[in-house]
Amino acid sequence: MIIVWAWASQGLGVGNWQIASVNHKEDLVVCLDLLATTASILELQAHLEQYTRQGGTVVLLLHRHHGYHQDHVKTLLALQLPADHGSFQCFLFGEGADAVYLTTNPRGLLGTAGTFSARVNFGGQQLDVSAVADADRKELKPAHFNYVWQLYQLALRRRIFELREDLFSYLGQFLPRPNFAPGELYTLLSRPQDRLLLLRLLSFVGRIRKHSDLAREIRIFERNNNNTLTFEDCGIQLEAAYGPLAAEQHNALVTFLRQNLLASGEAVHVVDLRKRFDGLLLQIPGPTYFS
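Numbering-wise (the working numbering), the sequence shown opens with residue 19 and increments by one.
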């Protein structure tokens with residue numbers, strides 16, 4: 019796992035941490051402190067090539083306040099690794115809104131100011147939680163590493179599944195209606211009480227631009243919910259992790275939602291909508307949650 023964060027400027031410093039378990043001899047947490055520049059992207063590409071050798075798998079986390087955004091993720095995911103290398107995933111994080119933070123989730127990994135420990139949460143309450151097993155040996159607790167690793171390994175499927183479930187839970191209030199007239203669902207979703215669901219759908223279809231008012235609004239919801247609700251470069255992420263069929267199903271669903279759910283295209287049939295979500299999830303194998 020590679021984490022680009024404020025390690026050098028505020029915290030423990032850059033370097034590698036091991037996992038305190040014989041079952042994790044090959045696992046590392048690589049701590050880098052790189053502001054988003056062309057040189058940094060080249061350095062990150064070199065790290066990805068290095069750590070995916072001999073079939074290695076990498077999760078790369080980029081801190082938003084270091085200047086990273088969707089375009090950087092897109093550039094990194096376009097990296098073509100040699101055939102004998104493993105794979106990698108790349109995600110943005112930041113603003114205390116992700117479960118990777120100990121300040122919002124005691125099973126997380128990152129503490130405050132470039133550390134693996136937290137003494138106070140964002141609400142000002144005292145904490146005593148740490149992911150460090152042995153500071154002198156630079157070793158982390160395996161339970162914290164495993165949680166965050168699996169969290170991001172399953173992130174794409176989980177976020178899409180939860181969007182589908184929340185959307186159909188919302189539609190359940192209109193049962194037994196089998197369909198909605200053109201433009202009707204967008205009108206309903208535009209009500210103030212349904213704002214969060216609308217923002218999540220807009221993010222899923224790529225209609226929220228970085229640094230826009232909508233982007234800032236959904237970040238507030240993320241902080242309040244201690245959960246990642248956005249879908250930055252979801253199609254590229256899916257293709258990199260699960261192949262072209264997943265990207266194809268994603269593109270088909272996005273087109274349908276843009277034209278019919280979020281605009282006045284054609285009528286939306288509930289059964290058809292569920293089939294389209296299910297078609298995408300079938301291309302994302304594996305569990306949705308972990309214990």
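Where is the CB? At the ideal position from N, CA and C, for every residue including glycine. None of these values were measured; they are calculated from a predicted model.
Counterpart residues of residue i in DSSP-defined beta bridges
| i | result |
| --- | --- |
| Gly33 | Cys49 |
| Gln144 | Val138 |
| Gly22 | As written in the sequence, residue 22 is Val, which differs from the Gly given in the question. According to DSSP, Val22 bridges with Leu50 and Leu80. |
Extent of the continuous beta strand (DSSP E) run through residue i
| i | result |
| --- | --- |
| Leu60 | Leu60 -> not in any beta strand (DSSP E); alpha helix (DSSP H) instead, spanning Thr56 to Tyr69. |
| Phe109 | Ser105 to Phe111 |
| Leu316 | Here the chain covers residues 19 to 309 and nothing more, so residue 316 does not appear. |
Option in the options with minimal Cα separation from residue i
| i | options | result |
| --- | --- | --- |
| Pro303 | Gly224, Leu263, Gly126 and Glu202 | Leu263 |
| Trp35 | Asn278, Arg237 and Arg155 | Arg155 |
| Gly201 | Gln191, Glu266, Leu275 and Arg218 | Leu275 |
| Thr79 | Val166, Leu256, Ser39 and Gly141 | According to the sequence provided, residue 79 is Leu. The question's Thr does not apply to it. The residue with the shortest Cα to Cα distance from Leu79 is Val166. |
| Asp45 | Glu266, Leu60, Phe179 and Leu158 | Leu158 |
| Phe239 | Leu256, Ser105 and Ser221 | Ser221 |
| Leu216 | Leu193, Leu247 and Pro194 | Leu247 |
| Leu66 | Val91, Phe198 and Leu207 | Val91 |
| Ala285 | Asn197, Gln301 and Ala64 | Asn197 |
| Ala101 | Gln72, Ala117, Asn123 and Gly114 | Gln72 |
| Leu110 | Gln28, Asn245 and Arg292 | Asn245 |
| Ala153 | Ala26, Ile20 and Leu30 | Leu30 |
Minimum Cβ-Cβ distance from residue i to chain B less than 9 angstroms
| i | result |
| --- | --- |
| Thr70 | Absent from the structure: chain B. Only one protein chain is present. |
Contacting residues, own chain, Cβ-Cβ under 6 angstroms from residue i (five flanking each side not counted)
| i | result |
| --- | --- |
| Tyr204 | Leu280 |
| Leu95 | Cys108, Ile254 and Ala258 |
| His87 | Lys228 |
| Ser282 | Pro200 and Gly201 |
| Gly112 | His81, Arg82 and His83 |
Cutoff 7 angstroms; reference residue i; Cβ partners in own chain excluding five residues on either side
| i | result |
| --- | --- |
| Ala136 | Leu120, Thr121, Gly129, Thr130, Leu145 and Val147 |
| Pro305 | Leu172 |
| Ala54 | His84, Gly85, Tyr86 and His90 |
Bounding residues of the alpha helix (DSSP H) (the contiguous stretch that carries residue i)
| i | result |
| --- | --- |
| Ala151 | Unbroken run through Ala151 is the beta strand (DSSP E), Val150 to Asp152; no alpha helix (DSSP H). |
| Lys92 | Gln88 to Leu95 |
| His162 | Pro160 to Gln171 |
Cβ-based neighbour list, residue i, same chain, cut-off 8 angstroms, excluding 5 preceding and 5 following
| i | result |
| --- | --- |
| Thr75 | Gly104, Ser105 and Phe106 |
* Segments assigned alpha helix (DSSP H), at least 4 residues, entirely inside the segment 180-231 -> 202-207 and 213-222
* In the segment 222-302, which residue ranges form an unbroken beta strand (DSSP E) of at least 3 residues, counting only runs that do not cross its ends? -> none
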